[in-house]
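Visitor:
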Amino acid sequence: MTPLLRPMARSLPLALPLMLLAAAAQAHTGGSHAGGFVSGFSHPILGWDHVVAMVAVGLWGAVLGKPAIWILPVVFPLVMAFGAALGILGVPLPAVETGIALSGVVLGLAVALAVRAPLPIAAVVVGVFAIFHGHAHGTELPAAANPLAYGVGFVLGTGLLHMAGIALGLLTAKPAGRIVVRLAGGLIAVVGGAFLAGVA
Amino acid sequence: MAHVPGLPAEAMASLTLGLRLPFLYPEALLPLLVLGLALTGGPRPLIAGLAGLGAGLLGADLLGEAATALALGAGALAGAVLALKGPPLPGMLRHGMGFVLPALIMAALYHGGSASAPALMALGSMGVLAVTALLIAEIADLLLTRLPGPIPGIALRIAASWLAAILILMLAFVLAGPAPGGAGA
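Chains P and A, in that order, give the protein sequences.
Count along the first sequence starting at 1, add 104, and that's the number in our numbering.
Count along the second sequence starting at 1, add 26, and that's the number in our numbering.
If you want it as C-alpha cells, here you go:
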C-alpha cells in the first residue's frame, strides 16, 4: 500500500455502511426505473447480488496489491458497460442470474482465501463476471429517458462500490484488518451462495 | 422580426452558437474530454487536429446520422485504450486520435447542415474544440508533473475508463434507437 492511500484506509471504510444503508433504503421506493441519473446510479446498488460482487472486486484488488488495486476497477466498468450495451441492444446472454450469483461466490472466496492470482487471470475473471452484471442492468433498462445522465449515474454508482471495497481492503495493511477483510470475503461468498441456491 | 444579414449582431450570434455547440451535445463533449486526456504527456498533434476538424466539417454530410454513433464509438475506443495503456500514448496513436476524434466530433455536430452552416459558427466550434482539448491536456499534464506519486496517473486512467464506459452506454442507446413509448435515446 502506498503512503498516499493510508489516509483512505482510515476514513473511507466508514462510508461503506452508509452506502449499503442507502442501497437498502432505495430498494423500497417502489418507483419506476424510468431514465436519468438516479436510475443509473441506483441500479448497481439496488441489488445485494450486485453490491457484494462489486465490493468484492475492490476487496480482491486490495488483497492482490499494486497494480491490481486500481487495474481491476479500471477494467470492470469498461467490460460492464460492454455487457450493458449487449443487454440494451437485446443480444441474448445465457445464465445471466447464475453468472451474477456465481460472481459473489467466486470473488468472495478469492478474498476470503486471499487468492493471489496473476493479474491477467484476475482481470479476465473480473471481466467475465462484469459482462453478466452489465447485461442484467442493460436488459432491465432499455428505455432510459436520458442516456447521458443514466450512463454517468451508472458508472458513478459502480465506481463508488469499487472504492468502498478498496477502502475496506486497505485494512489489509494491519493483521487485524486482514482478518476483517477475509471475513468480509467469506460473507460475500455466503451471500453469493444464497443467491445461487435461490434462497435470497 | 427584422432580419438584416451581415450585421455584427447576427455574426456574433453565429459565433456564439458555434462556441457553445460542443458543450450542448454529449456526443461531442464526451469524446472531446477523452481527446484532451489522450493528448496528455507528449507533443500535441496540432496539424493533425486542425486537419481533422476541417475534414470533419467537409465530410459531415457524407457521414450523416452515422457521425453520432461513430463519434461515440471512437471516443469509447480511445478512452478504453488510454485507460488500459495509460499516458503518455505512443506518438502514432496520439496523432491518429488527434485526427480522427476532432473529425468525428465536428461531423457529429454538423451532419445534415455543414453546407449551410455560417462560416463563423463553424469556425467558433473548431476553435473551441481545439482550445478545450489543449486546455484539458495542459491541466492533466500539470497535475501529472506537479503532484507526487502514482495517484494522478491512476486517477487519469480511471477517468478515461469511466468516460469510455459512459460512451459505450450512450452508443448502445443510440444504436438501439428510441424505445416504443419511451423518451428513448
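Virtual Cβ for every residue (Gly too), placed ideally from N, Cα, C.
1. Can A:MET152 and A:LEU43 be called in contact, C-beta distance under 8 Å?
2. If the cut-off is 7 Å on Cβ atoms, which residues from the stretch 158-175 of chain P count as contacting chain A, listed in chain order?
3. Just the Cα atoms here: how many angstroms apart are A:GLY117 and A:PRO69?
4. Residues of chain P with a CB under 9 Å from the CB of A:ALA190: which are they?
5. Where does A:THR66 fall in DSSP's three states?
6. Establish whether the CB of A:PRO48 and some CB of chain P are separated by less than 8 Å.
7. State the Cα-Cα distance for the pair P:LEU197 and P:GLY238, rounded to the nearest angstrom.
8. Flag A:ARG172 as yes if its beta-carbon sits less than 8 Å from any beta-carbon of chain P, otherwise no.
9. Note down, in chain order, each residue of its chain lying with its Cβ closer than 6 Å to the Cβ of P:GLY257, except the 5 sequence neighbours on either side.
10. So, is the C-beta of A:PRO178 closer than 8 Å to a C-beta in chain P?
11. Should A:LEU43 be listed as close to the ligand MN, given that the test is whether its C-beta is under 7 Å from any heavy atom?
12. With C-beta atoms as the reference, is A:PRO57 less than 8 Å away from A:ALA100?
13. List the endpoints of the continuous alpha helix (DSSP H) containing P:VAL232.
14. To test your reading of the DSSP string, which unbroken alpha helix (DSSP H) runs of 4 or more residues are found completely within the stretch 30-115 of chain A?
15. Start and end of the alpha helix (DSSP H) containing P:LEU206?
16. Among A:GLY203, A:GLY75, A:ALA202 and A:LEU197, whose alpha-carbon lies nearest the alpha-carbon of A:ALA97?
17. On a Cα-Cα basis, can you pick out the residue from P:LEU265, P:VAL210 and P:VAL215 that is closest to P:ARG282?
18. Identify the contact partners of A:ALA109 in chain P, using a Cβ-Cβ distance below 7 Å as the criterion.
19. Take the Cβ of P:PHE299 as the centre, count every other Cβ of all protein chains shown within 10 Å, and call the residue buried at 16 or more, exposed below.
Guide: Straight from the coordinates:
1. no
2. TRP174
3. So the two alpha carbons sit approximately 8 Å from each other.
4. PRO181, LEU182 and ALA185
5. coil
6. The beta carbon of A:PRO48 sits no closer than 8 Å to any beta carbon of chain P.
7. Each residue's alpha carbon lies about 11 Å from the other.
8. no
9. Contacts found: PHE141, GLY144 and PHE145.
10. no
11. Ligands displayed in this structure: none; no statement on the ligand MN is therefore possible.
12. yes
13. It spans 223-244 - the alpha helix (DSSP H) in which P:VAL232 sits, taken as one unbroken run.
14. 34-50, 52-64, 72-89 and 92-111
15. Segment 200-216, the alpha helix (DSSP H) holding P:LEU206.
16. A:LEU197
17. It is P:VAL215.
18. VAL178 and LEU182
19. buried
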